[in-house]
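Novice: Protein chains in written order, with the numbering used here: chain A, 1 to 332; chain B, 333 to 825. Backbone N, C-alpha and C define an ideal beta-carbon position, used for all residues, glycine too. Note that the coordinates shown come from a computational prediction; the quantities given were computed from them, not determined experimentally. For reference, the structure I am asking about is given below.
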């Protein structure tokens with residue numbers, strides 16, 4: 001039997017350690033920001049900070065979807081490919097190019113967006129169906145979707161980018177609202193909604209229960225196959241949306257968009273303290289994890305560190321975060 | 333007096349200023365079975381982990397064959413001939429029995445190749461000498477839980493263990509399998525080994541143990557010969573206060589049929605089960621492992637598909653095709669595997685208590701946090717769950733308190749039919765009585781209880797009627813007036 005420490009005997013250092021474990025990632029983010037503030041004069045400028053947020057927003061949105069999936073003990077490796085597929089399909093409806101593959105375009109932006117999100121949700125639904133109905137490990141099912149969605153992207157677009165997007169479509173990637181870039185606004189809104197869903201709704205409770213112990217969830221009357229299906233639909237839908245943001249920002253949809261994006265999304269979730277074993281984690285952690293990756297990339301850029309080093313540092317950061325997490329579990 | 337195989341005096345251990353064990357005393361004679369008794373939190377586990385060298389003591393003496401010892405790590409304890417068979421076994425399922433026995437010290441042939449022939453022969457000789465009917469080349473995953481335990485015993489002996497500690501060895505066994513284990517324990521005794529037997533099941537202790545030691549709240553309370561102690565006295569030593577009765581039974585079955593089952597089939601060959609259960613009645617299913625007890629529950633709760641048969645609740649035919657439907661109909665299911673399917677261990681008390689009532693505790697899509705909190709608090713009070721807050725993880729609670737969380741989860745759904753599968757497994761005597769009280773009160777208020785238990789005493793003590801199962805079919809039905817252990821065993825075997 002494990003003896004728990006009585007609350008009364010906690011010393012100040014114990015308390016500090018407990019806070020360190022709970023807020024470790026946030027503290028790390030603050031420390032890095034403070035360091036960069038002193039190390040580089042450009043870091044703490046409004047323009048640079050908005051830049052960091054803009055660069056983080058797409059990974060952040062993908063990571064939020066990934067959080068839902070990982071909380072149910074799953075993983076979604078397909079998000080990068082779905083970014084590309086939803087991007088080209090959506091863009092093909094919003095291009096004014098004479099070589100448009102869909103006749104009668106450009107269609108209203110709302111239609112292009114709606115179709116893009118539906119494409120993403122459909123990809124997620126297929127992965128989720130394979131996982132929940134046939135008990136295929138999520139790693140395998142979404143690895144299949146990673147390959148298939150990329151292939152469909154290339155087939156659909158004939159291997160070529162979809163250029164000349166309408167101004168209206170580009171607005172969502174390039175406009176500012178009260179000085180804040182649209183992708184950042186979208187990221188913030190999606191975060192708030194996801195936070196509410198996971199912490200305050202019945203569906204959120206179900207997600208944690210299914211990830212924490214699927215057998216107990218099933219006996220408690222929760223339809224675990226429905227929850228598993230839905231988390232992949234959420235992840236796919238957000239990937240679809242990210243694909244459109246990316247296309248809108250750059251002005252054309254590329255078939256090679258989103259390659260390896262799943263890795264950054266998983267990294268943000270893991271660094272944010274969500275357990276790959278399911279049932280434990282918060283979307284606030286994920287957002288902080290995504291910001292930490294964004295700030296580190298930005299800081300290393302500002303300090304002129306070669307991008308190859310950035311990859312090495314990011315790899316070390318992911319492993320360190322999980323080591324910290326393991327130590328936390330051993331102590332608890 | 334012969335020299336003790338193991339003698340412990342004045343053992344003390346504190347965690348963060350709180351004493352988990354203050355005066356651990358224990359004396360194990362060769363060729364004897366010594367029961368270590370105590371409720372949850374009595375200090376048994378702390379005692380065992382110190383003896384095995386997993387934790388270090390703060391004070392006290394441990395003598396092995398009269399010589400003072402101090403182990404750092406279980407491998408040193410093993411080398412000194414002390415071996416433990418844990419409650420939860422961890423075999424390598426894809427490997428054979430022989431490979432599991434010799435794991436990490438496989439006999440080698442030339443070029444570092446494992447000498448399978450000599451390893452299998454040695455393992456088989458060992459199993460045969462203990463009269464275990466197990467083939468050394470069988471993969472571990474093909475064995476029953478009891479057989480896995482027998483292999484563990486063989487493994488312990490292959491290390492020349494003289495002291496064998498068994499921690500709740502029967503908690504996952506049926507009656508027949510337990511008998512197999514007890515036969516093995518007798519063999520060990522005849523060979524002069526000493527067995528430390530930890531169990532909450534008093535009938536087992538009186539069946540196989542020679543002597544006992546009781547711990548309570550980290551303190552040695554008493555020891556002696558089993559032959560010299562009465563069951564009531566032992567219970568009183570364990571609980572620390574006189575228990576008026578071991579069981580609580582104040583319900584009176586009515587005449588009105590609540591649940592009526594006709595010709596029900598279920599998985600694993602369960603065929604043609606029919607029974608009626610009346611308002612305020614406690615009905616028990618009794619049978620050996622594999623007799624179909626749990627399968628009937630799983631079917632009634634909608635966890636397994638409909639394979640035919642009729643279920644009527646209040647005279648109305650119902651389908652029960654999913655747990656959600658069963659819950660809506662007023663069924664509640666306390667499963668036999670508390671950690672596997674009862675609780676989300678990493679979640680807090682509140683989340684676990686509310687898990688089966690999320691619909692009732694929400695408004696539209698959103699949860700009503702205030703109602704969740706008050707519901708959890710109500711259940712904590714109703715069942716006397718010992719936890720500092722409803723936001724603490726259930727993994728930190730004792731077995732008895734965890735079981736109360738499961739009960740709280742189901743009582744929150746306001747059930748009418750309570751399915752209890754081994755509800756007191758791994759729960760100490762005091763908490764057991766509280767669970768019996770809950771059952772009795774629930775039935776007295778007009779609820780219906782169906783109980784599955786491997787403990788004959790529990791069935792005799794609580795049931796108004798028993799349906800005995802054998803090989804997936806009903807082999808008999810006994811009323812409370814005609815109930816006896818002999819009849820149950822006769823009909824079940």
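(1) Please classify residue 747/B as buried or exposed, where buried requires at least 16 neighbouring CB atoms within 10 angstroms.
(2) List the endpoints of the continuous alpha helix (DSSP H) containing residue 240/A.
(3) Using a Cβ-Cβ cutoff of less than 7 Å, which residues in the same chain neighbour residue 7/A once the five nearest sequence positions on both sides are dropped?
(4) Keeping to the same chain, check which residues put their C-beta closer than 8 Å to that of residue 567/B; ignore five residues upstream and five downstream.
(5) Give me the subset of the stretch 101-133 of chain A whose CB atoms are less than 7 Å from a CB atom of chain B, sorted by chain position.
(6) With the cut-off set at 7 Å, would you say residue 708/B and residue 670/B are in Cβ contact?
(7) Among residues of its own chain, excluding the 5 on either side of residue 3/A, which ones have a beta-carbon nearer than 8 Å to its beta-carbon?
(8) Counting only C-beta atoms, is residue 51/A closer than 7 Å to chain B at any point?
(9) What residues from chain A crowd round residue 392/B, counting only those whose CB sits closer than 7 Å?
(10) With which residues is residue 351/B paired in a DSSP beta bridge?
(11) Cutting at 7 Å between CB atoms, please list the residues of its own chain near residue 96/A, excluding the five before and the five after it.
(12) Less than 7 Å separating the beta-carbons of residue 415/B and residue 488/B?
(13) Can you check the stretch 754-818 of chain B for any beta strand (DSSP E) of at least 3 residues that lies completely inside it and give the ranges in chain order?
(14) Under 7 Å, Cβ to Cβ, is there at least one residue of chain B near residue 200/A?
(15) If you draw a straight line from the C-alpha of residue 618/B to the C-alpha of residue 785/B, how long is it?
(16) Skipping 5 residues on each side, what residues in its chain have a beta carbon closer than 7 Å to that of residue 684/B?
(17) Does the structure place the stretch 228-238 of chain A close enough to the stretch 120-140 of chain A that three or more beta carbon pairs sit under 8 Å?
(18) Can you give me the Cβ contacts of residue 10/A inside the same chain, cut-off strictly under 7 Å, excluding the 5 residues immediately before and after it?
(19) Taking only runs that begin and end inside the stretch 532-595 of chain B, name each unbroken alpha helix (DSSP H) of 4 or more residues, in chain order.
(20) Which residue comes first and which comes last in the alpha helix (DSSP H) that contains residue 507/B?
(21) In chain order, what residues of the same chain have a beta carbon less than 6 Å from the beta carbon of residue 408/B, not counting five sequence neighbours either side?
(22) Would a C-beta distance cut-off of 7 Å place residue 224/A and residue 210/A closer than the cut-off?
(23) Counting only beta-carbon separations shorter than 7 Å, does residue 692/B have a partner in chain A?
(24) Quick one, which of 542/B, 371/B, 609/B, 411/B has its alpha-carbon nearest residue 500/B's?
(25) Could you compute how far the alpha carbon of residue 168/A sits from the alpha carbon of residue 109/A?
(26) Closer than 8 Å, Cβ to Cβ, to anything on chain B: give me those residues from the stretch 203-237 of chain A, in chain order.
(27) From residue 394/B to residue 490/B, what does the alpha carbon distance come to, in whole angstroms?
(28) Of all the CB atoms in chain A, is at least one closer than 7 Å to the CB of residue 732/B?
(29) Does the ligand GDP have a heavy atom nearer than 6 Å to the CB of residue 79/A?
(30) List the endpoints of the continuous beta strand (DSSP E) containing residue 614/B.
(31) Mind listing the chain B neighbours of residue 279/A? Cutoff is C-beta to C-beta under 8 Å, in chain order.
(32) Using a C-beta to C-beta distance shorter than 8 Å, which residues of chain A count as neighbours of residue 379/B?
(33) Using 8 Å for Cβ pairs, my map puts residue 821/B next to residue 808/B. What's the rounded Cβ distance?
(34) Buried or exposed for residue 600/B, going by 16 or more other Cβ atoms inside 10 Å?
(35) Could you spell out where the beta strand (DSSP E) holding residue 642/B opens and where it closes?
(36) Nearest-angstrom Cα distance between residue 65/A and residue 286/A?
Specialist: From the atom records:
(1) Taking the first residue of the second chain as 1, we reach residue 747/B at position 415. By the 10 Å Cβ count, residue 747/B comes out buried.
(2) Position 240 of the first chain, counting from 1, holds the residue named residue 240/A. Start and end: 224-250.
(3) Along the first chain, read from residue 1 onward, the residue named residue 7/A stands at position 7. Confidence at residue 7/A is low in this model, with a pLDDT of 40, below 50, so its placement is unreliable and no value can be given for it.
(4) Within the second chain, the letter at position 235 stands for residue 567/B. Closer than 8 Å at the Cβ level, and outside the excluded window around residue 567/B, lie 534, 575, 578, 761.
(5) Listed in sequence order: no entries.
(6) Mapped onto the second chain, residue 708/B falls at position 376. Mapped onto the second chain, residue 670/B falls at position 338. Not a contact, by the Cβ cut-off of 7 Å.
(7) Counted from its first residue, the first chain places residue 3/A at position 3. Only weak support exists for where residue 3/A lies, its pLDDT of 41 falling under 50; the value from the coordinates is given anyway. Excluding sequence positions up to five before and after residue 3/A, its CB lies less than 8 Å from no other CB in the same chain.
(8) Looking up residue 51/A in the first chain gives position 51. Chain B contact via Cβ: absent.
(9) Counting from 1 along the second chain, the entry for residue 392/B is found at position 60. Within 7 Å Cβ-Cβ: nothing; residue 392/B doesn't reach chain A, min ~17 Å.
(10) Within the second chain, the letter at position 19 stands for residue 351/B. BP columns for residue 351/B point to 346/B.
(11) Counted from its first residue, the first chain places residue 96/A at position 96. Only 106, 164, 166 meet the Cβ criterion.
(12) Taking the second chain and counting its residues from 1, one reaches residue 415/B at position 83. Taking the second chain and counting its residues from 1, one reaches residue 488/B at position 156. Yes.
(13) If we require 3 residues or more, the beta strand (DSSP E) runs fully inside the stretch 754-818 of chain B come out as 780-784, 797-802, 805-811.
(14) Taking the first residue of the first chain as 1, we reach residue 200/A at position 200. At least one chain B Cβ lies under 7 Å of residue 200/A.
(15) The count along the second chain starts at 1 and reaches residue 618/B at position 286. The count along the second chain starts at 1 and reaches residue 785/B at position 453. If I take the Cα positions, the gap works out to 7 Å.
(16) Counted from its first residue, the second chain places residue 684/B at position 352. Counting only Cβ-Cβ distances below 7 Å, and skipping sequence neighbours, we find 675, 676, 726, 737, 741.
(17) Contact between the stretch 120-140 of chain A and the stretch 228-238 of chain A is present, because at least three Cβ pairs lie under 8 Å.
(18) Taking the first residue of the first chain as 1, we reach residue 10/A at position 10. Low per-residue confidence applies at residue 10/A: pLDDT is 48, beneath 50, and the placement is therefore not dependable enough to give any value.
(19) Counting whole runs of 4 or more residues, the stretch 532-595 of chain B contains the alpha helix (DSSP H) stretches 534-540, 563-571.
(20) Residue 507/B sits at position 175 when you count from the first residue of the second chain. Segment 507-522, the alpha helix (DSSP H) holding residue 507/B.
(21) The residue given as residue 408/B occupies position 76 in the second chain. Within the same chain, residue 408/B has close Cβ partners 385.
(22) Along the first chain, read from residue 1 onward, the residue named residue 224/A stands at position 224. Along the first chain, read from residue 1 onward, the residue named residue 210/A stands at position 210. The beta carbons of residue 224/A and residue 210/A sit closer together than 7 Å.
(23) Taking the first residue of the second chain as position 1, residue 692/B is located at position 360. Cβ-Cβ to chain A under 7 Å: no for residue 692/B.
(24) Numbered from its first residue, the second chain carries residue 500/B at position 168. Residue 500/B has its Cα closest to that of 371/B, out of 542/B, 371/B, 609/B, 411/B.
(25) Start at 1 with the first residue of the first chain, and residue 168/A comes out as number 168. Start at 1 with the first residue of the first chain, and residue 109/A comes out as number 109. Going by the C-alpha atoms only, they are around 7 Å apart.
(26) In summary, the residues of the stretch 203-237 of chain A whose CB is separated from some CB of chain B by less than 8 Å are 203, 204, 205, 206, 208, 209, 212, 213, 215, 216, 217, 218, 219, 220, 221, 222, 223, in the order they occur in the chain.
(27) Position 62 of the second chain, counted from the first residue, corresponds to residue 394/B. Position 158 of the second chain, counted from the first residue, corresponds to residue 490/B. Using only the alpha carbons, I get a separation of about 24 Å.
(28) Your numbering for residue 732/B matches position 400 in the second chain. No, no contact with chain A.
(29) In terms of ligand content, the structure shown is empty, and the ligand GDP therefore cannot be addressed.
(30) Your numbering for residue 614/B matches position 282 in the second chain. Where residue 614/B is concerned, the enclosing beta strand (DSSP E) stretches over 614-618.
(31) Working through the first chain from its first residue, we reach residue 279/A at position 279. What residue 279/A touches in chain B: 676, 678, 679.
(32) What you label residue 379/B is simply residue 47 of the second chain in a count that begins at 1. Taking a Cβ-Cβ cut-off of 8 Å, residue 379/B has no neighbours in chain A, whose nearest Cβ is about 11 Å from it.
(33) The residue you call residue 821/B lines up with position 489 of the second chain. The residue you call residue 808/B lines up with position 476 of the second chain. Contact doesn't hold; Cβ gap of about 11 Å is too wide.
(34) By one-based count along the second chain, residue 600/B stands at place 268. By the neighbour-count rule (16 or more Cβ atoms within 10 Å), residue 600/B is not buried but exposed.
(35) Position 310 of the second chain holds residue 642/B. Note, residue 642/B: beta strand (DSSP E), 642-645.
(36) Within the first chain, numbered from 1, the residue matching residue 65/A stands at position 65. Within the first chain, numbered from 1, the residue matching residue 286/A stands at position 286. Rounded to whole angstroms, residue 65/A to residue 286/A spans 10 Å at the Cα level.
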